[in-house]
Amino acid sequence: MSVEPKFVYREPLKDVYPRVGKFSDEIVKCIKCGLCRAVCPTLIETLSESQGARGRVSLVEAVLDGRLSLSDIFDERISSCINCKACIDACPSGVRVDDIILAARAELVARGRLPFFKRLILRGLLKRGRLLPPVGKLASLFQRVLLALSPKGSALRLLLPAVRIDRERRLPVFASRSFREQVSERIVPEERKSGLRVAYFVGCSSNLLYTDVATATVEVLKRLGVEVLVPREQGCCGTPMFNAGDFETARDMARANLKAFDASAVDAVIVTCASCGLALKREYSAILELDTSGFSEKVMDASEFIVKKVGVEALRALPLPRDGENEVVTYHDPCHLKRGQGVWEEPRQLIKSLPGVEFREMPEADRCCGGGGLYSFTHYEMSMAVAAHKAEAVRETGARVVLTSCPSCIMQLRDTLARAGLDVEVSHVMEFLYRRLRANEAATVLETSIAQQRV
Ligand code: SF4
Ligand code: SF4
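Structure, rendered in structure tokens:
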């Protein structure tokens, strides 16, 4: 009597699922040890195996083996990953869980599973870069009117969930003029003392929402004697697109950016957003399979550039405030800067080099804040649950200022810390540096004017 085997080995369905099929060797590297379970923020919050790194890899493996279909629940589990990359750090086999998950999202998008809300933002808006400044202006006007008409507790706030915004959420207000509309394409310092020239990849958040970050970056670099180019034709880096699995749109964005920047003409391409930096340094080639040689090696976070290329001695030579009480600050590591790019010492070196600043390390400074760009809009509850740990860590430091290097983290931290009742400033490192410089410049102007009046 023959016995039916319970398990029949089947070849992975690479032809049916070519995007995840490319990662079949990566998937089998996972030995299911579970070491990633202790660090995955979505698993920690839900205690559900399928909401963790190992569970997600197993689900993708099951699809590739033909044991599971691309169902709604599969979609939900794959979409709930924040792409924080904590699992990669913890994994003894070096499994690129992030790449596997993004490939699974690409399979979903290839079957038309890109939600309308994301399609509208990614293909309708972010892809059409020229639409962004006028839309930003309209949004700015709308927000200001809405905020004026709907203070906390107003009935008008009940409309916000309809546009996927929690009614208590603290959101940034769009700038009435985008940063790139405010600056010229070439900013030459009075003294080119560093002899360096950079091209600035501004990114959507610093261009439309946090224009102070971009202004501060240019002003600090000017004072350090660095020439700054702001190429006109740059657009969105493509991160929101490939994070959603829309690789085709992301590739269009990446190609346009590679064309807009002549990396050979500059010493570095600087960024002030951790996700933009990761996209330009790694993801354009690793995920989108584009040739970025000659470009990605030049990409640097702004603090990385100052520490490595200009030197903190040049920074110390600037007129920074030296008297008065020390400002107590702490630093939050953006996932895409520390784990994504291996940059974590440089922002700390920069902060610690500032006179009049006391740096206090927060516990688990590199724990994800739950922001994840669009993630905090599509998964707000999870994003806030993850963020709650960050609020406690900040509270423990007693710092009055939390610094970071990514606008997405700034948005998340401002909302989280305000909700936790913490009265702390949240700023980008470059913004903080510029604020310190300006404080001293203002004091010097005042002293000079008083002295002149006395003469
Ligand atoms: S990237 Fe972060 S959220 Fe996603 S599976 Fe890994 S640890 Fe979990
Ligand atoms: S730590 Fe790595 S090998 Fe272990 S279960 Fe997680 S992904 Fe798999």
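Here the sequence shown stands for residues 0 to 454, where the numbers follow numbering that gives the first Met the number 0. Virtual Cβ for every residue (Gly too), placed ideally from N, Cα, C. Bear in mind the structure is a predicted one, so any value in this text is a computation, not a measurement.
So what does residue i bridge to, in DSSP terms?
i    : result
L228 : R185, A198
E501 : Past the boundaries of the shown model lies residue 501; the chain is included only from 0 to 454, so the question cannot be answered.
D300 : V270
Y330 : L402
F358 : V328
H427 : T403
Might you give, ordered along the chain, the residues of its own chain that have their beta carbon closer than 7 angstroms to the beta carbon of residue i, omitting 5 neighbours on each side?
i    : result
G65  : R9, L12
K280 : S295, V298, Q340
E440 : P318
R112 : D74
S205 : F178, V212, A213, T271, C272, P406
I30  : S92
C80  : T41, R55, I100
L34  : A89, C90, P91
D97  : N82, K84, I87
Given residue i, which residues of its chain have a CB within under 6 angstroms of its CB, disregarding the five upstream and five downstream residues?
i    : result
E218 : Y433
C39  : G51, A52, C86
H335 : A273, S274, L277
Y199 : V227, V229, I269
D365 : D332, K337
G224 : P188, E190, R191, K192, S193
R122 : T248
T210 : A174, F178
S284 : T291
Residues in its own chain within less than 8 angstroms of residue i by CB, not counting five upstream and five downstream?
i    : result
R259 : The question names Arg, but residue 259 in the sequence shown is Ala. Once the five neighbours on either side are set aside, the close Cβ partners of A259 are P230, R231, E232, Q233, G234.
I77  : R55, L58, V59, I100, A103, R104, L107
R394 : A419, L421
F262 : One point to set straight first is that residue 262 is Ala, not Phe, in the sequence displayed. Excluding sequence neighbours, A262 sits near A198, V268, G293, F294, K297.
L436 : E218, V219, R222, L317, P318, L319
E357 : N325, E326, V327, V328
A138 : F173
D300 : I269, V270, T271, A273, G276, L336, Q340, V342, E345, P346, S404
R110 : L69
Open item on the list: Taking 6 angstroms as the limit, name every residue whose beta carbon sits nearer than that to some heavy atom of ligand 2, in sequence order.
Closed with: C29, I30, K31, C32, G33, L34, C35, A52, R53, V56, C86, A89, C90, S92, V94, V96
- [ ] Count the C-beta pairs between the segment 376-386 and the segment 40-59 that are closer than 8 angstroms, then say yes if the count reaches three, no if not.
- [x] yes
Open item on the list: For the structure I just gave you, are there three or more beta carbon pairs, one from the segment 246-254 and one from the segment 205-219, closer than 8 angstroms?
Closed with: no
Task: the segment 370-379 touching the segment 286-297, judged by at least three CB pairs closer than 8 angstroms - done: no
Task: Whole runs of the alpha helix (DSSP H) within the segment 233-288, excluding any shorter than 4 residues - done: 238-242, 246-259, 273-277
Open item on the list: Which complete alpha helix (DSSP H) runs does the segment 5-47 hold, if anything under 4 residues is left out?
Closed with: 17-20, 23-27, 40-45
Open item on the list: Does the contact criterion of 3 or more C-beta pairs under 8 angstroms hold for the segment 424-433 versus the segment 399-414?
Closed with: yes
Open item on the list: Ignoring anything shorter than 3 residues, give me the beta strand (DSSP E) runs that lie fully in the segment 76-127, in order along the chain.
Closed with: none
- [ ] Mind listing, in chain order, the continuous alpha helix (DSSP H) runs of no fewer than 4 residues lying wholly within the segment 340-396?
- [x] 344-351, 374-377, 379-396
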